[in-house]
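Q: Residue numbers (the working numbering): 2 to 464. Heads up, the beta-carbon is just placed ideally off N, CA and C, and yes, glycines get one too.
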Ligand SMILES: Cc1cc2nc3c(=O)[nH]c(=O)nc-3n(C[C@H](O)[C@H](O)[C@H](O)COP(=O)(O)OP(=O)(O)OC[C@H]3O[C@@H](n4cnc5c(N)ncnc54)[C@H](O)[C@@H]3O)c2cc1C
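1) Taking Cβ to Cβ, would you say residue 82 is nearer than 7 Å to residue 235?
2) Cβ atoms of residue 311 and residue 195: under 7 Å apart, would you say?
3) When every heavy atom of ligand 1 is checked, does at least one fall within less than 6 Å of the C-beta of residue 362?
4) Using 6 Å as the cut-off, classify the Cβ of residue 315 as near or not near the heavy atoms of ligand 1, replying yes or no.
5) Regarding residue 39 and ligand 1, is the C-beta to nearest heavy atom distance less than 6 Å?
6) Fully enclosed by the region 26 to 93, which beta strand (DSSP E) runs are 3 residues long or longer?
7) Among the residues of its own chain, which have a CB less than 6 Å from the CB of residue 6, if the five just before and after it don't count?
8) Could you pull the start and end residues of the alpha helix (DSSP H) that residue 319 belongs to?
9) Just mark residue 376 as buried or exposed, buried being the case when its beta carbon has 16 or more other beta carbons within 10 Å.
10) Taking the DSSP output, what are the residues bridged to residue 258?
11) Compute the distance between the beta-carbons of residue 316 and residue 402, then report whether it is under 7 Å.
12) Assign residue 462 to buried or exposed, taking buried as 16 or more other Cβ atoms, counted over all protein chains shown, within 10 Å of its Cβ.
13) Answer yes or no: do residue 425 and residue 302 have a C-beta to C-beta separation smaller than 7 Å?
14) Whose C-alpha, out of 221, 360, 245 and 415, is nearest the C-alpha of residue 92?
15) Counting Cβ pairs closer than 8 Å, one from the region 319 to 326 and one from the region 70 to 90, do we hit at least three?
16) Is residue 238 near ligand 1, in the sense that its beta carbon is under 6 Å from a heavy atom of that ligand?
17) Residue range of the alpha helix (DSSP H) that residue 343 falls in?
18) Consult DSSP for residue 276 and reduce its assignment to one of helix, strand or coil.
19) Just verifying my parser: in three-state terms, what is the DSSP assignment at residue 330?
20) Using alpha carbons as the reference points, say which of 444, 454, 453 and 459 lies closest to residue 67.
21) So is the beta-carbon of residue 342 under 6 Å away from any non-hydrogen atom of ligand 1?
22) Quick check on DSSP: helix, strand or coil for residue 292?
23) When you compare only the Cα positions, how much space is there between residue 386 and residue 393?
24) Alpha carbon to alpha carbon, how far is residue 360 from residue 58?
25) Just to confirm, is the Cβ distance from residue 334 to residue 99 under 7 Å?
26) Label residue 39 either buried or exposed according to how many other C-beta atoms from any shown protein chain fall within 10 Å of its C-beta, with 16 as the threshold for buried.
27) Does residue 451 get closer than 7 Å to chain C when you measure Cβ to Cβ?
28) Can you grab the Cα-Cα spacing for the pair residue 416 / residue 406, in whole Å?
29) Span of the alpha helix (DSSP H) holding residue 186?
30) Counting only the same chain and skipping the five closest in sequence on each side, list residues whose C-beta sits under 6 Å from that of residue 244.
31) I'd like the span of the alpha helix (DSSP H) that includes residue 379, first residue to last.
32) Locate the beta strand (DSSP E) running through residue 361, then write down its first and last residues.
33) Kindly confirm or deny that the region 334 to 346 and the region 427 to 445 touch, where touching means at least three C-beta pairs closer than 8 Å.
34) CB-CB under 6 Å to residue 110, same chain, minus the five flanking residues each way: which ones, in chain order?
35) Should residue 297 be counted as a contact of ligand 1 given a C-beta to heavy atom distance under 6 Å?
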């Protein structure tokens with residue numbers, strides 16, 4: 002073991018995504034010095050954005066912000082950027098391609114679920130009851146009886162459903178295949194880029210429980226521009242103003258230990274940073290590389306080596322005209338654009354209000370991720386054209402793909418039990434990140450919550 006005596010007073014945070022930034026904020030709130038070391042040259046992690054050669058924005062992912070993201074909204078309020086979220090009408094919209102269901106023939110069907118003005122979960126039940134296409138009368142009753150324990154018993158019920166896939170749970174509860182493929186399939190893909198046949202029931206039920214937890218929890222919003230400009234850099238500026246040091250291009254390569262403590266980190270370019278505590282805020286597959294192999298056998302962190310990650314492709318499609326007229330989050334079953342949004346229409350900040358700029362989470366991407374850009378773009382465009390008839394090659398200005406082979410942890414059955422907590426076997430080494438067990442889905446809110454718990458553990462250390 003390397004002997005290092007002059008450990009600095011800082012907490013080192015490895016990773017400058019939402020979890021790392023939030024951890025620095027909570028440490029600053031507590032008057033503790035912090036230094037973020039981020040591998041890439043830009044901050045933001047899966048919430049990052051950058052310009053392409055033409056000056057147009059590319060993003061790691063299409064991001065919706067929900068009303069119930071309480072920790073995140075409190076953080077945005079403290080930084081003074083709450084108004085950077087553009088709240089959309091309290092509606093979730095399904096775009097169903099022509100002939101998707103034998104129940105209707107002909108063109109595309111748009112089904113808007115308007116949350117009604119009632120306390121949760123009745124506002125959502127009211128939205129489902131108003132369905133004209135996806136649910137028939139019997140299915141509305143089946144939805145109410147099938148999801149009853151989730152809507153009214155909250156997370157306690159969801160937590161016991163991790164051994165089943167969502168599809169298995171759905172069938173057990175007597176709901177129809179039509180409901181599964183039309184309504185729930187795109188939700189699963191939006192949540193975890195994983196199909197209803199592979200996602201854990203618990204993962205999807207937790208979202209329903211969360212939507213049912215408060216009236217505004219299900220309202221979606223978008224940033225009023227690219228996340229780097231409208232969220233990440235404002236938070237980073239706020240942190241710098243409070244004394245936090247932020248280093249980009251600083252990939253942690255090795256943790257340094259002395260006796261029973263983690264005393265610092267060596268970066269890939271050979272620099273050494275000493276710290277009083279270390280928070281690992283990198284994605285789970287990167288944390289698995291940083292933790293010593295013998296430590297990964299400890300039950301506290303064993304899940305780190307076992308969790309898998311979902312691949313996803315974020316697609317960007319610019320059109321010379323408005324091909325869609327929606328500003329909300331769109332779900333589209335049976336297509337390669339299961340969740341998408343026209344950010345050109347939703348937000349002036351992308352500089353494309355003259356036409357449509359449609360961002361798409363292309364999922365499941367397990368097979369597509371290795372295919373060439375032209376093939377993927379052509380297939381997505383074909384599906385997009387079924388929903389928006391003007392979304393054709395002729396009107397497409399350009400399309401760009403961002404591939405993320407390992408995005409969020411794959412929430413397959415059994416994975417929930419593998420999510421580690423915030424402590425490790427080393428008392429001054431902590432975990433934060435959307436994959437940890439903060440009892441929330443892998444999301445921006447989950448990442449921020451994990452940071453809150455990790456910092457509580459750092460402070461509880463007391464030295
Ligand atoms: C396509 C897509 C769409 C999404 N849509 C939504 C959405 O609509 N709503 C929502 O709430 N969430 C969404 N998410 C999920 C959300 O982006 C993540 O849950 C969140 O960004 C995770 O934050 P994090 O800080 O835990 O990890 P990350 O954002 O992955 O940040 C980790 C950081 O650690 C850095 N790092 C890695 N290794 C090292 C190392 N060795 N040394 C130093 N730094 C390192 C990485 O470069 C990265 O910057 C989406 C994700 C994707 C991919």
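A: For this structure:
1) yes
2) yes
3) yes
4) Yes, the beta carbon of residue 315 sits closer than 6 Å to at least one heavy atom of ligand 1.
5) yes
6) 35 to 38, 50 to 52, 58 to 60 and 86 to 88
7) Only weak support exists for where residue 6 lies, its pLDDT of 39 falling under 50; the coordinates are left without a value.
8) Looking at the DSSP string, residue 319 is not in any alpha helix (DSSP H); the run it does join, the beta strand (DSSP E), is 313 to 320.
9) exposed
10) 263
11) yes
12) exposed
13) yes
14) 221
15) Contact annotation: the region 319 to 326 does not touch the region 70 to 90, with fewer than three C-beta pairs closer than 8 Å.
16) no
17) No alpha helix (DSSP H) holds residue 343; the beta strand (DSSP E) holding it covers 340 to 343.
18) For residue 276, the three-state secondary structure derived from DSSP is coil.
19) coil
20) 444
21) no
22) Three-state DSSP puts residue 292 in coil, outside helix and strand.
23) 6 Å
24) 11 Å
25) no
26) buried
27) Considering every chain present, this structure includes no chain C. It has just one protein chain.
28) 18 Å
29) 186 to 193
30) none
31) 374 to 388
32) 358 to 363
33) Here the region 334 to 346 makes no contact with the region 427 to 445; the two share fewer than three CB pairs at distances below 8 Å.
34) 97 and 134
35) The nearest non-hydrogen atom of ligand 1 is 6 Å or more from the C-beta of residue 297.
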